[in-house]
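In this note's numbering, the protein residues as written are 101 to 282. All C-beta atoms in this analysis are idealised placements derived from N, C-alpha and C, irrespective of residue type, glycine included. Please read all numbers here as calculations on a predicted model, not as lab measurements. Encoded as structure tokens, the structure appears first; notes follow it.
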């Protein structure tokens, strides 16, 4: 089962490596993740040669990971790899009738190559890097967890990737520690 804890597509992309374990093993795994993330508009096959999408997705992920980590640390980063990924984007806007009398604009992307298929993720990463308040971009406080998230809570005090995963485990451990000390 594919789960998303990042609250932002770029952070969810980074979170495809969980505690050092790769979650993408082939093009089909990347396609399944893209579908679950809402990045595919229809049932599509992976573009390109076998393994090309997997390699492109992993390369994009590692570029985003390096950029986010540097930005979080207040350091400069080389945007060349991300800019190269952005250069592959071919998109246009379409006007879509919404419920009632409303209209909305939606972006449609070309997906003839792996890089084009991944372009919306590259754009999401660029938006995050350019506009996000990086005080709210955080790594889970569980020492063994590698997941990142954007804290969208009202109080901005989110500490865990998920209360069901790391939050509960850490709260129970802290409770047991207090019981042993008391």
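For this session: Mind checking who residue 104 pairs with in its DSSP beta bridge?
Result: The count along the chain shown starts at 1 and reaches residue 104 at position 4. In the DSSP output, where bridge partners are listed per residue, residue 104 has none listed.
For this session: Measure the alpha-carbon distance for residue 188 versus residue 148 and round it to whole angstroms.
Result: Here residue 188 corresponds to residue number 88 of the chain shown, with the count starting at 1. Here residue 148 corresponds to residue number 48 of the chain shown, with the count starting at 1. Between residue 188 and residue 148, the C-alpha separation is close to 14 angstroms.
Exercise. Per DSSP, what kind of secondary structure is residue 239 in: helix, strand or coil?
Worked result: Taking the chain shown and counting its residues from 1, one reaches residue 239 at position 139. Three-state result, residue 239: strand.
Problem set entry | Coil, strand or helix - residue 277 by DSSP | Against the chain shown, residue 277 aligns to sequence position 177. Note: residue 277 maps to helix in three-state DSSP.
Problem set entry | Cβ-Cβ separation, residue 182 to residue 163 (assumed contact under 8 angstroms), whole Å | Your numbering for residue 163 matches position 63 in the chain shown. Your numbering for residue 182 matches position 82 in the chain shown. Yes, they are in contact, since the Cβ atoms of residue 163 and residue 182 sit about 5 angstroms apart, within 8 angstroms.
For this session: Please state whether DSSP places residue 55 in a helix, a strand or coil.
Result: No answer is possible for residue 55: it lies beyond the span of the chain, which begins at 101 and ends at 282.
Exercise. In this structure, does DSSP put residue 258 in helix, strand or coil?
Worked result: Within the chain shown, numbered from 1, the residue matching residue 258 stands at position 158. The answer is coil: DSSP assigns residue 258 none of H, G, I, E or B.
For this session: Use the C-beta contact count for residue 277: other C-beta atoms within 10 angstroms, 16 or more gives buried, fewer gives exposed.
Result: Numbered from its first residue, the chain shown carries residue 277 at position 177. Exposed is the call here.
For this session: Using beta-carbon positions only, say whether residue 130 and residue 246 come within less than 8 angstroms of one another.
Result: Numbered from 1 along the chain shown, position 30 holds the residue referred to as residue 130. Numbered from 1 along the chain shown, position 146 holds the residue referred to as residue 246. No, they are not a contact pair.
For this session: Please report the residue range of the alpha helix (DSSP H) in which residue 67 lies.
Result: Nothing about residue 67 can be reported from this structure: the residues present for the chain run from 101 to 282 only.
Exercise. Are the stretch 148 to 157 and the stretch 202 to 221 touching by the rule of at least three beta carbon pairs closer than 8 angstroms?
Worked result: yes
Exercise. Going by beta carbon distance, what residues of the same chain come within less than 7 angstroms of residue 115, once the five residues before and after it are set aside?
Worked result: Stepping through the chain shown from its first residue, residue 115 is reached at position 15. These residues qualify, in order along the chain: 105, 106, 247 and 248.
Problem set entry | residue 261 versus residue 201 - alpha carbon distance | Your numbering for residue 261 matches position 161 in the chain shown. Your numbering for residue 201 matches position 101 in the chain shown. Computed Cα separation, rounded: 39 angstroms.
Exercise. Terminal residues of the continuous alpha helix (DSSP H) containing residue 218?
Worked result: Against the chain shown, residue 218 aligns to sequence position 118. From DSSP, the alpha helix (DSSP H) with residue 218 extends over 214 to 231.
For this session: Determine the DSSP secondary structure at residue 124, reduced to helix, strand or coil.
Result: To locate residue 124, count along the chain shown from 1; it is residue 24. Note: residue 124 maps to coil in three-state DSSP.
For this session: Rank 157, 139, 161 and 170 by C-alpha distance to the C-alpha of residue 285 and give the top, closest one.
Result: Because the chain is modelled from 101 through 282, residue 285 falls outside the range shown and cannot be assessed.
For this session: Check whether the Cβ atoms of residue 226 and residue 195 lie closer than 8 angstroms to each other.
Result: Against the chain shown, residue 226 aligns to sequence position 126. Against the chain shown, residue 195 aligns to sequence position 95. The answer is no: Cβ separation not under 8 angstroms.
Problem set entry | As assigned by DSSP and simplified to three states, the class of residue 264 | In the chain shown, counting from the first residue as 1, residue 264 sits at position 164. Three-state DSSP puts residue 264 in a helix.
Problem set entry | Contacting residues, own chain, Cβ-Cβ under 6 angstroms from residue 123 (five flanking each side not counted) | Taking the first residue of the chain shown as 1, we reach residue 123 at position 23. Closer than 6 angstroms at the Cβ level, and outside the excluded window around residue 123, lie 116.
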